[in-house]
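Trainee: A single structure is presented below for examination.
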Amino acid sequence: MRRGLSAGRVQSVAVRLVVERENEIAAFVPVEYWSIEADLKAALPPQFRAKLIKLDGEKIELGSQEVTLPLVEELQRLPFVVQSVQKKERRRNAPAPFITSKLQQEAANRLGFSAKKTMTLAQRLYEGVELGDEGQVALITYMRTDSVRLSPDAVGAAREYVAGKFGKEYLPAEPVQFKTKKSAQDAHEAIRPTSLEFEPARVQKHLERDMFRLYELIWNRFIACQMVPAVFDQTIADIEAGGAAALRITDRRARSFIFRATGQPPLEEGQRLELLQLLPEQHFTQPPPRFTEASLVKELEEKGIGRPSTYAAILSTIQDKEYVEKKENRFFPTDLGKIVNELLVDAFPRILDVEFTARMEDELDEVEEGKMQWVKVLDEFYEPFKKSLKVAEKNMRDVKREEQPTDLTCEKCGSPMVIKWGRMGRFLACSGYPGCKNTKDFIEKDGKIEVVEDLPTEENCPTCGKPMVNKRGRFGRFLACSDYPNCKTTRPITLKDVVCPDCGGGLAERRTRFGKSFYGCVNYPNCKFAAWDRPIPGPCPQCGKPYLLSKYSKKEGPYIACPDKECGYRREAPEPGSEQAPPQSAVP
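When we follow this note's numbering, the leftmost residue of the sequence shown carries the number 35, and every step to the right adds one.
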């Protein structure tokens, strides 16, 4: 299909998981359902909200407005009485210290870090950081491990710290022990601070912001793992509308509706409540969410695929190869990823099978432990693989020659338009080729093909004077003469008030072959400056860098940062429409 592609026992399964999740989402059919909540008032404030959960002792399911609204009318006439009040004590045990995969997941969820960024920062914390008079100090233990084991000295230090910092009431009677998975490699203990002398507050001034945040995360988890369980008090009240309460109060029989509330003001059994309002609401079932880095790492780990030390590299590879791309911190398969996955699953179903990959992982562990002969494992793998490879070489589809029909018609000759695969990805082409060479770019939304139309501009062509139009090509938006093909003048759309820091040329938004946005110099290939995030006018007030970057994280939202990671400057993004707000793209 194109050079530079790769497949692998783990990376191809990771791509398959992303593609199959996307297929699940595309095939998902939402189902309507309704809920009813009640705002209630007791003798003591505040008012509280309860949710309808049962009707006449059975779990209630409301599938439509026609079913729900008559119940709302019925409830309006019924008394609400507290049926039962339960007070429960919930305990949450201390979390285990970090292994590699759990550190990657927690850093992604709490800090918005990619697995690659987490491992890069952890590597630097492990190798050592300059701490002024202390010199270079390694702040954490080895960061590639799947063992939750802690040395006795480390456990003793943590217990001493907890007793001194928080008090003995927060210290369990015995050290907390954690069980490492049977399949784990126990060569290294869990990820922890090397010394509790270096509290986060003490070393903060010596660390970059993100490095400090990761160190603080590791520190807090290590200390928490040797503390008593957290204790929560939970009060659950069941409230009956109708039923026995209605019979007692109104002397009329009525159906029994049970509402449930948590965290409400003090209530007593038999207490009468005032109904303030009923809130019927329509809902629809939701498709499974797309994978984030954290959830994909978790999925790989739970299915026994790969090793913690490889997850960051795997996630990086499948993005670098453009099999998947991240949008708003979630993975989407590219067209390339979908077709490569389809071809590989058809040709090598055994190798791309999730369970096979997990079994292979176990067998490799047994080889390492001397429980299996490597020759036998290799032979059992290679012989079926060799046969599949020969069949694939002979029978694999030639995607380059395939044409996918559409219901679109060529406006130039009237022939049907088809989807073809070219060097730069998928595009619409006239089936009358070579007699008609009409092609168009397109996007696919909800399974429907939408042609990407040209946008008018206020500029005129410098060559012929005709209006210029904003077109979308394989590498993003650009300006072109509307008189094409008679006039073939084009130029990139450059960012306002920002120039290339390397050569002073303009910067334009572009796209990789498979849709990922980036910003590059218009003087390419003579100048190879490029940035994934949108450059905005600088300079950096901290280091003087001539431009800044407009970035986004799920946890913090939009923010402005210096491109020099050593500088570490960042601030909140300005409100949209202000002078420093990044310009909006011409097309979403």
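Every residue, glycine too, gets a C-beta built ideally from N, C-alpha and C. Note that the structure is a prediction, hence the values are computed from the model and not measured.
1. Here's the rule: buried if 16 or more other CB atoms are within 10 angstroms of the residue's CB, otherwise exposed. What is N375?
2. State the CB to CB distance for the pair G602 and E164, rounded to an integer number of angstroms; the pair is presumed to be in contact (CB under 8 angstroms).
3. With H, G and I counted as helix, E and B as strand and the rest as coil, what does DSSP make of S587?
4. With the cut-off set at 8 angstroms, would you say E140 and L301 are in Cβ contact?
5. Judging by CA-CA distance, which residue of D180, G198, V503, K579 is the nearest neighbour of E223?
6. Could you pull out every residue in the same chain whose Cβ sits closer than 6 angstroms to the Cβ of K474, ignoring the five residues on either side in sequence?
7. With DSSP as the reference, label R27 as helix, strand or coil.
8. In its own chain, which residues sit with a C-beta less than 6 angstroms from the C-beta of C537, not counting the 5 before and 5 after it?
9. What residue does the beta strand (DSSP E) around A542 start on, and which one ends it?
10. So what does R294 bridge to, in DSSP terms?
11. Can you give me the C-alpha to C-alpha distance between Q143 and E58, rounded to a whole angstrom?
12. With a cut-off of 8 angstroms, do at least 3 Cβ pairs link the region 60-67 to the region 396-410?
13. Quick check on DSSP: helix, strand or coil for S638?
14. How many Å lie between C495 and T528 at the Cα?
15. Once DSSP output is grouped into helix, strand and coil, what is the label at Q316?
16. Tell me the DSSP bridge mates of A463?
17. Is it the case that the region 229-241 contacts the region 113-124, given that we only count it when at least three CB pairs across the two stretches are under 8 angstroms?
18. Classify S290 as buried or exposed, calling it buried when 16 or more other Cβ atoms lie within 10 Å of its own Cβ.
19. Between which two residues does the alpha helix (DSSP H) holding Q219 run?
20. Starting from V532, follow the beta strand (DSSP E) in both directions and report where the run begins and ends.
21. Is the Cβ-Cβ distance between L173 and V237 less than 8 angstroms?
22. Return the bridge partner residues of Q438 from the DSSP annotation.
23. Assign A221 to buried or exposed, taking buried as 16 or more other Cβ atoms, counted over all protein chains shown, within 10 Å of its Cβ.
24. Let me make sure I understand the geometry here. Which of G297, V210, G466 has the alpha-carbon closest to that of A258?
25. By Cβ distance below 7 angstroms, which residues in the same chain neighbour I477 in space, the five residues on each side in sequence not counted?
26. Buried or exposed for D244, please, with buried defined as at least 16 other CB atoms from any protein chain shown within 10 angstroms of its CB.
27. What residues in its chain sit with their C-beta under 7 angstroms from that of I352, if we drop five residues either side in the sequence?
28. Quick one: what's got a C-beta closer than 6 angstroms to A564's C-beta in the same chain, skipping five residues either side?
29. Taking only the alpha-carbon atoms, compute the straight-line gap between C574 and H240 and give it to the nearest angstrom.
30. Going straight from the alpha carbon of P367 to that of I373, what length do you get?
31. For N504 and T523, which I take to be in contact (beta-carbon distance under 8 angstroms), what is that distance rounded to the nearest angstrom?
32. Beta-carbon within less than 6 angstroms of E315's beta-carbon, same chain only, minus the 5 sequence neighbours each way: which residues are those?
33. By Cβ distance below 6 angstroms, which residues in the same chain neighbour D56 in space, the five residues on each side in sequence not counted?
34. By a C-beta neighbour count over all protein chains shown, 10 Å radius and 16 as the cutoff for buried, is W625 buried or exposed?
35. Helix, strand or coil: which one does DSSP assign to K479?
36. Assign K658 to one of two classes, buried (16 or more other C-beta atoms within 10 Å of its C-beta) or exposed (fewer than that).
Mentor: Result, derived from the coordinates:
1. Locating residue 375 in the sequence shown gives position 341, counting from the first residue. Flag for N375 reads buried.
2. For the purposes of this step, residue 602 is taken as the residue at position 568 of the sequence shown. For the purposes of this step, residue 164 is taken as the residue at position 130 of the sequence shown. Actually they do not touch by this definition, with Cβ atoms about 15 angstroms apart.
3. Along the sequence shown, one-based indexing puts residue 587 at 553. Of the three classes helix, strand and coil, the one that applies to S587 here is strand, per DSSP.
4. Residue numbering aside, residue 140 sits at position 106 when the sequence shown is read from its first letter. Residue numbering aside, residue 301 sits at position 267 when the sequence shown is read from its first letter. No; because the gap between Cβ atoms is not below 8 angstroms, this pair is not in contact.
5. Position 189 of the sequence shown, counted from the start, is the residue given in the question as residue 223. The candidate whose alpha carbon is nearest that of E223 is D180.
6. For this step, residue 474 is matched to residue 440 along the sequence shown. Here the set comprises L462, V485.
7. Summary: the structure shown does not reach residue 27, with the chain confined to residues 35 through 622, and so no result is reported for it.
8. Against the sequence shown, residue 537 aligns to sequence position 503. Here the set comprises N557, C561.
9. The sequence position of residue 542 within the sequence shown is 508, counting from 1. Run containing A542: 540-545, per the beta strand (DSSP E) assignment.
10. On the sequence shown, position 260 is the one that residue 294 refers to. Bridge partners of R294: K85, D272.
11. Here residue 143 corresponds to residue number 109 of the sequence shown, with the count starting at 1. Here residue 58 corresponds to residue number 24 of the sequence shown, with the count starting at 1. Looking at the sequence shown, residue 143 is not Gln but Asn. Going from the Cα of N143 to the Cα of E58 covers about 23 angstroms.
12. no
13. This structure gives no information on residue 638, because the portion of the chain shown stretches from 35 to 622.
14. Walking along the sequence shown from the start, residue 495 turns up at place 461. Walking along the sequence shown from the start, residue 528 turns up at place 494. Near 16 angstroms, if we compare the C-alpha coordinates of T528 and C495.
15. Numbered from 1 along the sequence shown, position 282 holds the residue referred to as residue 316. Q316 falls in the strand class under three-state DSSP.
16. Your numbering for residue 463 matches position 429 in the sequence shown. A463 is bridged to V452, T473.
17. no
18. On the sequence shown, residue 290 is found 256 positions in, with the first residue counted as 1. The residue in question, S290, is buried, as its Cβ has 16 or more Cβ neighbours within 10 Å.
19. Locating residue 219 in the sequence shown gives position 185, counting from the first residue. Element bounds for Q219: n/a, residue is neither H nor E.
20. Translated into positions along the sequence shown, residue 532 becomes position 498. Start and end: 528-533.
21. Within the sequence shown, numbered from 1, the residue matching residue 173 stands at position 139. Within the sequence shown, numbered from 1, the residue matching residue 237 stands at position 203. Cβ atoms of L173 and V237: closer than 8 angstroms.
22. Along the sequence shown, one-based indexing puts residue 438 at 404. Answer is I453.
23. Taking the sequence shown and counting its residues from 1, one reaches residue 221 at position 187. Under this definition A221 is an exposed residue.
24. Taking the sequence shown and counting its residues from 1, the one referred to as residue 258 is at position 224. Of G297, V210, G466, the residue nearest in Cα terms is V210.
25. Counted from its first residue, the sequence shown places residue 477 at position 443. Correct list, in chain order: E484, V486.
26. Mapped onto the sequence shown, residue 244 falls at position 210. By the 10 Å Cβ count, D244 comes out buried.
27. One-based indexing of the sequence shown puts residue 352 at position 318. So the list reads Q45, A48, V49, V358, once near-sequence residues are dropped.
28. By 1-based counting over the sequence shown, the position of residue 564 is 530. Hits under 6 angstroms: F552, G554.
29. Start at 1 with the first residue of the sequence shown, and residue 574 comes out as number 540. Start at 1 with the first residue of the sequence shown, and residue 240 comes out as number 206. When rounded, the distance between both Cα atoms is 20 angstroms.
30. For the purposes of this step, residue 367 is identified with residue 333 of the sequence shown, where counting begins at 1. For the purposes of this step, residue 373 is identified with residue 339 of the sequence shown, where counting begins at 1. The straight-line gap from Cα to Cα measures roughly 10 angstroms.
31. Residue mapping note: residue 504 aligns to position 470 of the sequence shown, counting from 1. Residue mapping note: residue 523 aligns to position 489 of the sequence shown, counting from 1. The pair is not a contact, with the Cβ atoms about 14 angstroms apart (cut-off 8 angstroms).
32. The sequence position of residue 315 within the sequence shown is 281, counting from 1. Counting only Cβ-Cβ distances below 6 angstroms, and skipping sequence neighbours, we find S69.
33. In the sequence shown, residue 56 corresponds to position 22, counting from 1. It is Glu, not Asp, that sits at residue 56 in the sequence shown. So the qualifying residues of the chain are P367.
34. Examination of residue 625 is not possible in this model, given that the chain is present from 35 through 622 alone.
35. If you number the sequence shown from 1, residue 479 lands on position 445. Looking at K479 - three-state DSSP - the assignment turns out to be strand.
36. What the structure shows of the chain is the stretch from 35 to 622, and residue 658 is not part of that stretch, so it cannot be assessed.
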